[in-house]
Ligand code: TXA
Ligand code: MG
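Residue numbers (the numbering used here): 2 to 369.
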């Protein structure tokens with residue numbers, strides 16, 4: 002199914018008047034059951050009216066996604082929330098006040114008017130108020146709650162730049178709102194708040210520690226805990242059900258101290274250069290990338306055999322989170338035959354980074 006896709010260029014510096022002007026047509030399309038890809042602060046989303054079965058079907062069709070996966074419903078005001086969920090527990094109100102609009106999704110008991118199509122048959126629904134003026138304005142203008150998964154073709158890393166959305170979805174959706182790059186770079190924290198205390202179903206920018214600070218308790222779902230990296234080596238559950246967030250080239254994650262890491266990367270580059278036909282993509286911190294580049298230069302190895310992306314300083318994981326998904330795609334575009342990504346400790350934002358890396362690597366994580 003091919004569609005004529007209209008691309009609308011916007012940025013967050015525009016006056017509200019200009020924004021409204023640019024977004025009105027796409028918002029109308031949303032209220033009429035169409036599909037619109039738009040920026041959020043986490044990743045780009047592919048939106049449709051959450052209250053319409055047909056509109057939601059169009060999302061699945063555009064993404065080529067199995068329809069048993071629950072979608073997140075995006076809102077622009079607290080008024081919208083009361084129409085969608087049965088109740089909001091007092092501790093959840095506190096969390097909403099602390100983190101909304103922002104990169105966190107709350108899973109709550111749904112009202113009947115949300116189609117089961119949206120929730121993958123579940124009686125709960127994930128709701129998020131994004132912190133991006135373009136997303137908020139688009140949702141507000143449409144007057145509808147907007148169901149939106151990440152705006153990638155199924156199985157690919159989530160898009161954080163407009164050009165990536167265009168690459169994946171042009172000809173498959175009605176509109177693409179091409180705005181700025183997503184600031185966070187990883188999808189929202191998904192928090193189950195149906196019980197007495199919150200449980201993290203998917204780690205994100207809003208961390209377990211941050212949630213604990215507001216409501217005193219927070220834990221990880223068993224599915225996350227079982228995949229934790231053990232201190233003595235490999236992931237507990239290598240080989241995951243789906244290859245997810247995945248580039249074409251196979252991914253391997255290594256973690257360890259900076260000296261060992263640089264040695265490991267260098268050996269991979271040397272091996273590629275000796276084989277002649279292989280090219281390794283390496284994603285690591287700038288401190289390690291600099292040393293590695295110098296070692297490679299001294300050896301005089303051809304750039305046909307390696308591609309290095311520096312993920313910002315080891316002291317601050319923000320940059321790593323922001324560029325992770327696009328880097329995986331960049332390695333594919335550079336025709337890397339395999340990818341090595343630097344693992345990080347699973348604390349704070351490191352939880353979310355490792356969660357995505359483990360999926361991209363199908364659990365292939367080695368501590369050296
Ligand atoms: O940051 C984000 O969350 C982005 C932007 C566009 O908002 N959206 C996103 O959607 O990542 P998606 O569809 O790629 O991931 C949604 C995930 C599901 O895979 C599932 O893990 C969880 O959210 N989820 C949604 N509704 C749920 C529910 N009712 N129960 C349990 N998990 C749910
Ligand atoms: Mg997704």
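Idealized CB from N, CA, C, for every residue including glycine. Source: prediction; values computed, not measured.
Would you say residue 228 touches ligand 1, meaning its beta carbon is less than 8 Å from a heavy atom?
no
How is the beta strand (DSSP E) around residue 66 delimited, first residue to last?
Segment: none, residue 66 is in no beta strand (DSSP E) and carries neither H nor E.
If you draw a straight line from the alpha carbon of residue 71 to that of residue 266, how long is it in whole angstroms?
38 Å
Using a threshold of 8 Å, is the CB atom of residue 182 nearer than that to any non-hydrogen atom of ligand 2?
no
When DSSP builds the beta bridges, which residues end up paired with residue 73?
127
Starting from residue 328, trace the alpha helix (DSSP H) in both directions and tell me its first and last residue.
319-334
Range covered by the beta strand (DSSP E) that runs through residue 107:
105-110
If I follow the unbroken beta strand (DSSP E) through residue 394, where does it start and stop?
No answer is possible for residue 394: the residues shown for the chain start at 2 and end at 369.
Taking a contact to mean a Cβ-Cβ separation below 9 Å, would you say residue 206 touches residue 73 in this structure?
no
Looking at the secondary structure, which residues open and close the beta strand (DSSP E) in which residue 192 lies?
190-193
Taking the alpha-carbon positions, what's the residue 41 to residue 133 distance?
5 Å
For residue 199, count the other beta carbons within 10 Å of its own beta carbon; 16 or more makes it buried, fewer makes it exposed. Which is it?
buried
Please classify residue 57: is it buried, with 16 or more other beta-carbons within 10 angstroms of its beta-carbon, or exposed?
buried
Closer than 8 Å: is that where the CB of residue 69 sits relative to any heavy atom of ligand 1?
no
Buried versus exposed, by CB contacts within 10 Å (16 or more), residue 242:
Because the pLDDT at residue 242 is just 49, under 50, the model does not fix this residue reliably, and the value given afterwards should be weighed accordingly. Classification for residue 242: exposed.
As assigned by DSSP and simplified to three states, the class of residue 133
coil
Residues of its chain near residue 320, where Cβ-Cβ distance is below 8 Å and the 5 sequence neighbours each way are ignored:
312, 313 and 314
Taking contact to mean at least 3 C-beta pairs separated by less than 8 Å, is the region 73-86 in contact with the region 133-147?
yes
Residue 254 beta carbon less than 9 Å from that of residue 344:
yes
Chain-ordered list of residues that sit, by beta carbon, closer than 7 Å to a heavy atom of ligand 2
150, 151, 153, 159 and 188
For residue 7, which beta-bridge partners are listed by DSSP?
176
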